[in-house]
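When the count follows UniProt numbering, it moves up by one through the sequence shown with no breaks and lands on 179 for the last residue. Every residue gets a Cβ at the ideal spot worked out from N, C-alpha and C, and that includes glycine. Written below as C-alpha cells is the structure these notes are about.
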Amino acid sequence: MKILNCFLVLLCCTTYTLGVKDFIFKHCFTPQTLRTCREHAQCWGIDGVTRACKLFAPDTCTSTKETKFVSEKACQHMCVVPSQRKLVCSLMPKPGPCSKLNRTWFFDSRTGFCRSFGGQKCGTNPNAFSSCSVCSHRCSHSNAKAVCGLPHHTKSKTKQKPRQHQDEVEAKHHRLGPD
C-alpha cells in the first residue's frame with residue numbers, strides 16, 4: 001500500500017511539474033518582438049537565456065500581454081518555477097560594510113539602471129553585485145557595455161543636480177536605443 005501511495009504522489013508531482021513547465025514555455029518564452037510602448041513606465045519580462053525576470057528599457061516592452069509584467073514579483077509568479085522564485089532586482093538596496101565579496105553595485109528599479117553604493121559601502125541583500133556589467137546582465141535588458149559607461153554609473157564624487165543628471169542619462173540612453 002505504501003508503495004502505491006508513493007507511486008501516486010510521484011505521478012502527481014511529475015504531472016504538476018510538467019504542466020508548470022509547459023505553461024511557462026507557452027506563456028513566457030514566446031518570441032520577444034519589441035515595440036514602442038510608452039504607456040508603460042516599466043515592463044518586466046522573462047529573459048529566455050538566463051530565465052530571470054528583467055526590466056525592459058523604459059521605451060520598449062514585449063508585444064504580448066503574457067510576457068510583460070508590472071513588477072518582478074508578477075513576472076516570477078507567472079514565469080519562474082516556485083522553488084526558484086527570489087526577488088533580486090526590485091529589492092530596495094541595503095548598504096552596509098564591505099565583506100570579501102565587495103558587492104558595490106545595485107539595481108535601481110525606479111530608473112532601470114545599476115548604481116554604485118559609493119564610498120566604502122557594499123550591498124548586504126541579494127540586490128548587490130560585483131560590477132555594473134554583472135548587475136545590468138542580471139536585471140536589465142539594456143546593453144551593459146553601453147549603459148555602464150554613462151556618467152550615471154561612474155563612481156565620480158562630483159556633485160550634480162539629481163534631476164538634471166537623470167535627464168542627461170535618459171537622453172543619452174534614448175540615443176543609444178534598446179539592445
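Check, Outcome
"Under a three-way DSSP split, which group does Thr62 fall into?", "With a pLDDT of 47 at Thr62, under the threshold of 50, the modelled position of this residue cannot be trusted, and the question is left open."
"Count the other CB atoms, across all protein chains shown, that sit within 10 Å of the CB of Asn102; report buried if there are 16 or more and exposed otherwise.", "exposed"
"Residue ranges of each beta strand (DSSP E) run of no fewer than 3 residues wholly in the stretch 91–144, ordered along the chain?", "95–97, 105–108, 113–116, 121–123"
"Considering just the uninterrupted stretch of the beta strand (DSSP E) at Cys53, what are its terminal residues?", "53–55"
"Of all the options Ser71, Phe69, Gln120, Gln76, which has the alpha carbon lying nearest to the alpha carbon of Thr50?", "Gln76"
"Do you know how far the Cα of Ser99 is from the Cα of Lys68?", "36 Å"
"Could you check whether Cys135 and Phe107 sit closer than 7 Å to each other, using their CB atoms as the reference points?", "yes"
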